[in-house]
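A.B. asks:
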Amino acid sequence: MILVAMLSIWHGERRRKPGVKMGGHHCVGETDVMTAGETELEMAVRHVTEQENRIARQEVLIERLRKVGAPLDDALALLATMQDFVKTMRAHVARLSN
Numbered sequence: 588m589i590l591v592a593m594l595s596i597w598h599g600e601r602r603r604k605p606g607v608k609m610g611g612h613h614c615v616g617e618t619d620v621m622t623a624g625e626t627e628l629e630m631a632v633r634h635v636t637e638q639e640n641r642i643a644r645q646e647v648l649i650e651r652l653r654k655v656g657a658p659l660d661d662a663l664a665l666l667a668t669m670q671d672f673v674k675t676m677r678a679h680v681a682r683l684s685n
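Structural data, given as structure tokens:
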């Protein structure tokens, strides 16, 4: 159940644009390449937004696990990692903004 919860956070965020090649490490529907007319800063901001959405979904999944009495250690550890990562991403946005 925890594995399903952790994996499900990576699905359904945005659908892949036609013609965008995705690497094996990407989430479904996401790309690390800039879209037409998108600056590096805009891409970084988009990535922060996508990560914040993943965090919100993980928090919902954790609450579901809590309600059924499932172990939370792995899900909470993943959430902490995700939160640390978004802090790093925000710092990158700040550097690009200067």
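Take the sequence shown: its letters are residues 588 to 685, numbered as in the working numbering. For every residue, glycine included, the Cβ atom is placed at its ideal position computed from N, Cα and C.
In angstroms with no decimal places, state the Cα-to-Cα distance between residue 650 and residue 637.
C.D. replies: 20 Å
A.B. asks: In three-state DSSP terms, what is residue 667?
C.D. replies: helix
A.B. asks: Among residues of its own chain, excluding the 5 on either side of residue 621, which ones have a beta-carbon nearer than 8 Å to its beta-carbon?
C.D. replies: Here the set comprises 627, 629 and 630.
A.B. asks: Nearest to residue 643 by CA position, among 682, 662 and 655, is which residue?
C.D. replies: Shortest Cα-Cα distance from residue 643 to any of 682, 662 and 655 involves 662.
A.B. asks: The alpha helix (DSSP H) with residue 647 in it runs from where to where?
C.D. replies: 627 to 654
A.B. asks: Cutting at 7 Å between CB atoms, please list the residues of its own chain near residue 674, excluding the five before and the five after it.
C.D. replies: none
A.B. asks: Does the distance from the C-beta atom of residue 669 to that of residue 641 stay below 9 Å?
C.D. replies: yes
A.B. asks: Given this structure, state the Cα-to-Cα distance separating residue 701 from residue 660, to the nearest angstrom.
C.D. replies: The question about residue 701 has no answer here: the residues shown for the chain are numbered 588 through 685.
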